[in-house]
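Quick notes on the structure that follows.
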Amino acid sequence: HKHIIILSSTLSLWKIKMKRWTNLGFVDTIYEEEDYVDHSSSFSSSSSSLSGSPKRHTNLSKSPSMELQSRVHKWSLANNSKPDVLLHVGGTRFHLHKDPLSRSSGYLKRHLTGINELTLSPPLNITAETFTLVTAFCYGAHIQLTPFNVVPL
1 HKHIIILSST
11 LSLWKIKMKR
21 WTNLGFVDTI
31 YEEEDYVDHS
41 SSFSSSSSSL
51 SGSPKRHTNL
61 SKSPSMELQS
71 RVHKWSLANN
81 SKPDVLLHVG
91 GTRFHLHKDP
101 LSRSSGYLKR
111 HLTGINELTL
121 SPPLNITAET
131 FTLVTAFCYG
141 AHIQLTPFNV
151 VPL
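Okay, here's the thing in structure tokens:
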């Protein structure tokens, strides 16, 4: 009975926390579908535009681009591989590796297949700062979610 009461209390607390998130306007969850095939656009060219650590915590208060550059450099050395894709996000250029991006994101995997350059543009509406956090995660960073970065992520 002791375990049932603890479990019941934990579930009640979880429900209260979920109600708080719902009150903030979070209504739905975005799921990546690994088997999704986008037939509306072709990515056969070398350039494309999309519509649509020791582990440390990464947050918006530090300079994420310096940390990301360090992670990319360390990955290059560890894997004897130079960056093989150039991504443009909001006027910022990211020289990255397809492998860690594709392993961590089905979305990026689908759009990086067969190309060496990609521009992420509206309606995706991702800033360079947010993309830096996403990319750092792909390279193994622990991303600390805060009220200020949870919505953009």
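Following the UniProt record's numbering, the numbering of the sequence shown begins with 1 at its first residue and continues without gaps.
By construction, the Cβ of each residue, glycine as well, lies at the ideal position given by its N, Cα and C atoms.
- Taking Cys138 as the centre and dropping the five residues before and after it, the same chain places the C-beta of Pro100, Leu101 and Ser104 closer than 6 angstroms to its C-beta, in chain order.
- Within the same chain, Cβ atoms closer than 6 angstroms to the Cβ of Thr92 are found at Ala128, the five residues on either side in sequence being excluded.
- In the DSSP assignment, Leu87 forms a beta bridge with Phe94 and Leu118.
- Non-local beta-carbon contacts of His88 in its own chain, meaning distances under 6 angstroms to residues more than five positions away in sequence, involve Thr119 in chain order.
- For Val134, the uninterrupted alpha helix (DSSP H) segment begins and ends at Ala128 to Cys138.
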